[in-house]
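Working notes, beginning with the structure itself.
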Amino acid sequence: MFLFWRIFGLNALVLGAATALLLWAPVTVSVPVLLTEAAVLLSGLAVMLVANAALLGVGLAPLNRLSRLMTTVDLLQPGRRLPVPGRGGLTGLISTFNAMLDRLEAERADASARVLSAQEAERRRIARELHDEVGQSLTAVLLSLSRLADRAPEPLHAELLDAQEVTRESLAEVRRLARRLRPDVLEDLGLSSALISLSTEIAAHTGLAVTRRFPPGLPPLDPEVELVLYRVAQEGLTNVARHADAEHAELELHRADDAVVLRLSDDGHGIGAVREGAGIRGMRERALLVGGRLSVGPNPGGGTLLTLTIPLSREGS
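Numbers given in my numbering equal positions in the sequence shown, counted from 1, plus 34.
Below is the structure:
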């Protein structure tokens, strides 16, 4: 209602000024209207329209800023707020909008935390079943094939050896999948060892050369932070191997002031103007869970640069 009265007042001001000019100005209107009188009236109308447009532009400017922010806001990039003016009729509207963003970001973070927690639990369950059920079954098949191959004549012996090799490769693949789903080395040996194991495995299976830089001095981290760093590195290396057409990648983990920073760069064709997919948005959601900030963009030396920064002073660390 205040905005209504504000616009009404602006229009009333312009119309009142025009009425006062007509009352006290030495201008008359003849019948029929003379050319000079028509010129004066049209000039007055033009002045009224320009003044009205200028006053409405000033009055509605905060709404325009609010509209632009509403079209560009992204809950995965929190913190963007519209400045609240000290006075004026739109102060309450802008404050309400900022409060709504606070609530939406908190609800999004809470929902993402529950989803990712359930996802990690499901990954652990699948990894355990792969290791305990499928892995043991394949091991039993492998042993049976080995015993049969020892007693079988040619050419059945050679065929059983081929089947044994296929089974052995399948068993290795099952174990590799189980390790990717549930990084036991992260819990047993720590983050650096887990990242070394991850990069070595990806390099062995894809041919991507990975250089690691893990300077000493990294402080102890929460298990939740370590898991986020590991999953972001895992997703980033997988994206490089699948989509970047790169030959070399560099993985770096270090401390910068009061934050821990994970950097992944490659020499591929770069990210360009491609829209962010589910992989990058998933990494952003993980980063938000620990108060981190993820940036993905072009690498100054060519390719793509991914940077994850997590403050060490975050709440609960």
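Heads up, the beta-carbon is just placed ideally off N, CA and C, and yes, glycines get one too.
In this text the structure is predicted, and so the values were computed from the model without any measurement.
Next on the checklist: Taking the beta carbon of Pro-334 as the centre, do at least 16 other beta carbons fall within 10 Å, making it buried, or is it exposed?
Outcome noted: As a working note, residue 334 is residue 300 in the sequence shown. It is exposed - the Cβ of Pro-334 has fewer than 16 other Cβ atoms within 10 Å.
Next on the checklist: Between the alpha carbons of Leu-144 and Arg-320, how many angstroms are there, rounded?
Outcome noted: Indexing the sequence shown from 1 puts residue 144 at position 110. Indexing the sequence shown from 1 puts residue 320 at position 286. In the sequence on display, residue 144 carries Asp and not Leu. When rounded, the distance between both Cα atoms is 11 Å.
Checklist entry - If Val-1 sits next to Asn-86, beta carbons under 8 Å apart, how far is it from one beta carbon to the other, in whole angstroms? => result Any question about residue 1 goes unanswered here, given that the chain covers just 35 to 351.
Checklist entry - Going by Cα to Cα distance, which pick from Gly-126, Val-208, Glu-260 is closest to Gly-169? => result By one-based count along the sequence shown, residue 169 stands at place 135. When C-alpha distances from Gly-169 are compared across Gly-126, Val-208, Glu-260, the shortest belongs to Val-208.
Checklist entry - Between Leu-179 and the rest of its own chain, which residues show a CB-CB distance below 7 Å, the 5 nearest in sequence each way excluded? => result Your numbering for residue 179 matches position 145 in the sequence shown. Cβ contact annotation for Leu-179 (same chain, cutoff 7 Å, sequence separation greater than five): Leu-194, Ala-197, Gln-198, Thr-201, in chain order.
Checklist entry - In the stretch 208-288, which residue ranges form an unbroken beta strand (DSSP E) of at least 3 residues, counting only runs that do not cross its ends? => result Every unbroken stretch of the beta strand (DSSP E) spanning 3 or more residues and falling wholly within the stretch 208-288 is given here in chain order: 243-247.
Item to check | Which residues DSSP lists as bridging Ile-305, in chain order | outcome: The residue given as residue 305 occupies position 271 in the sequence shown. For Ile-305, DSSP assigns no beta-bridge partner whatsoever.
Checklist entry - Would DSSP call Arg-148 helix, strand or coil? => result Position 114 of the sequence shown, counted from the start, is the residue given in the question as residue 148. In this structure, Arg-148 counts as helix in the three-state DSSP scheme.
Checklist entry - Exposed or buried, Ser-299, counting other C-beta atoms within 10 Å across all chains shown (16 or more means buried)? => result Taking the sequence shown and counting its residues from 1, one reaches residue 299 at position 265. The Cβ neighbour count for Ser-299, taken over all protein chains shown within 10 Å, is at least 16; the residue is labelled buried.
Next on the checklist: Quick check on Val-324: does DSSP put it in helix, strand or coil?
Outcome noted: Walking along the sequence shown from the start, residue 324 turns up at place 290. Looking at Val-324 - three-state DSSP - the assignment turns out to be coil, as it is neither helix nor strand.
Next on the checklist: Could you check whether the Cβ of Leu-94 sits closer than 6 Å to any heavy atom belonging to the ligand FAD?
Outcome noted: Ligands are entirely absent from the displayed structure, and the ligand FAD is therefore not among its contents.
Checklist entry - Where Gly-302 and Glu-281 are concerned, what is the direct C-alpha to C-alpha distance, given to the nearest angstrom? => result To locate residue 302, count along the sequence shown from 1; it is residue 268. To locate residue 281, count along the sequence shown from 1; it is residue 247. Distance between the alpha carbons of Gly-302 and Glu-281: 7 Å.
Item to check | Rounded C-alpha distance that separates His-288 from Pro-253 | outcome: Sequence index remark: in the sequence shown, residue 288 carries index 254 (1-based). Sequence index remark: in the sequence shown, residue 253 carries index 219 (1-based). Straight-line Cα distance between these residues: approximately 10 Å.
Item to check | Which of helix, strand or coil DSSP assigns to Ala-186 | outcome: For this step, residue 186 is matched to residue 152 along the sequence shown. Coil, per DSSP.
Next on the checklist: On the DSSP letters alone, give me the boundaries of the beta strand (DSSP E) that Asp-292 sits inside.
Outcome noted: Locating residue 292 in the sequence shown gives position 258, counting from the first residue. Looking at the DSSP string, Asp-292 is not in any beta strand (DSSP E), and its letter there is neither H nor E.
Item to check | Element boundaries [beta strand (DSSP E), containing Leu-340] | outcome: Locating residue 340 in the sequence shown gives position 306, counting from the first residue. Counting along the chain, the beta strand (DSSP E) containing Leu-340 begins and ends at 338-345.
Next on the checklist: Helix, strand or coil, according to DSSP, for Arg-181 in the structure here?
Outcome noted: On the sequence shown, residue 181 is found 147 positions in, with the first residue counted as 1. Taken through DSSP and simplified to helix, strand or coil, Arg-181 comes out as helix.
Item to check | Straight-line gap, Ala-192 to Leu-211 (C-alpha atoms, nearest Å) | outcome: Locating residue 192 in the sequence shown gives position 158, counting from the first residue. Locating residue 211 in the sequence shown gives position 177, counting from the first residue. Looking at the two C-alpha atoms, the distance is approximately 29 Å.
Next on the checklist: By DSSP's criteria, Arg-297 is part of a beta bridge. Which residues make up the other side?
Outcome noted: In the sequence shown, residue 297 corresponds to position 263, counting from 1. In the DSSP output, where bridge partners are listed per residue, Arg-297 has Glu-286, Thr-341.
Checklist entry - Does the stretch 335-347 touch the stretch 156-164, meaning 3 or more C-beta pairs lie closer than 8 Å? => result Flag = no, the stretch 156-164 and the stretch 335-347 do not touch.
Item to check | Local conformation of Gly-331 per DSSP, three classes | outcome: In the sequence shown, residue 331 corresponds to position 297, counting from 1. Reduced to three states, the DSSP call for Gly-331 is strand.
Checklist entry - Shorter than 7 Å from the beta carbon of Ala-283 to some beta carbon of chain B? => result No chain B appears in the structure shown, which is made up of a single protein chain.
Checklist entry - In angstroms, rounded to a whole number, what distance separates the CA positions of Ser-233 and Val-244? => result Stepping through the sequence shown from its first residue, residue 233 is reached at position 199. Stepping through the sequence shown from its first residue, residue 244 is reached at position 210. Ser-233 and Val-244 have their C-alpha atoms roughly 6 Å apart.
Item to check | Close-in-space but distant-in-sequence residues of the same chain around Arg-327 (CB under 6 Å, 5 per side omitted) | outcome: Here residue 327 refers to the residue found at position 293 of the sequence shown. For Arg-327, same chain residues with a beta-carbon under 6 Å away, outside a window of 5 residues either side, are Thr-343 in chain order.
Item to check | Proximity of Ser-204 and Val-219 at Cβ, strictly below 7 Å | outcome: Along the sequence shown, read from residue 1 onward, the residue named residue 204 stands at position 170. Along the sequence shown, read from residue 1 onward, the residue named residue 219 stands at position 185. For Ser-204 and Val-219, no; Cβs fall outside 7 Å.
Checklist entry - So, is Glu-221 buried or exposed, given that buried needs 16 or more other C-beta atoms within 10 angstroms? => result Position 187 of the sequence shown holds residue 221. Looking at its Cβ environment, which holds fewer than 16 other Cβ atoms inside 10 Å, Glu-221 is exposed.
Next on the checklist: Here's a check: name, in chain order, each residue in its chain whose Cβ is nearer than 8 Å to the Cβ of Ser-226, leaving out the five neighbours to either side.
Outcome noted: In the sequence shown, residue 226 corresponds to position 192, counting from 1. Counting only Cβ-Cβ distances below 8 Å, and skipping sequence neighbours, we find Phe-248, Leu-252, Leu-287.
Checklist entry - Which whole-angstrom value describes the C-beta separation of Leu-44 and Leu-90, a residue pair presumed to lie in contact below a C-beta threshold of 8 Å? => result Stepping through the sequence shown from its first residue, residue 44 is reached at position 10. Stepping through the sequence shown from its first residue, residue 90 is reached at position 56. With 8 Å as the limit, Leu-44 and Leu-90 qualify as a contact, their Cβ atoms being about 6 Å apart.
Checklist entry - Straight-line CA distance for Phe-131 to Pro-112? => result Start at 1 with the first residue of the sequence shown, and residue 131 comes out as number 97. Start at 1 with the first residue of the sequence shown, and residue 112 comes out as number 78. Straight-line Cα distance between these residues: approximately 14 Å.
Next on the checklist: Using CA atoms only, rank isn't needed, just tell me which of Ile-236, Leu-261, Ala-238 is closest to Leu-223.
Outcome noted: As a working mapping, residue 223 is identified with position 189 in the sequence shown. With respect to the C-alpha of Leu-223, the residue from Ile-236, Leu-261, Ala-238 having the closest C-alpha is Leu-261.
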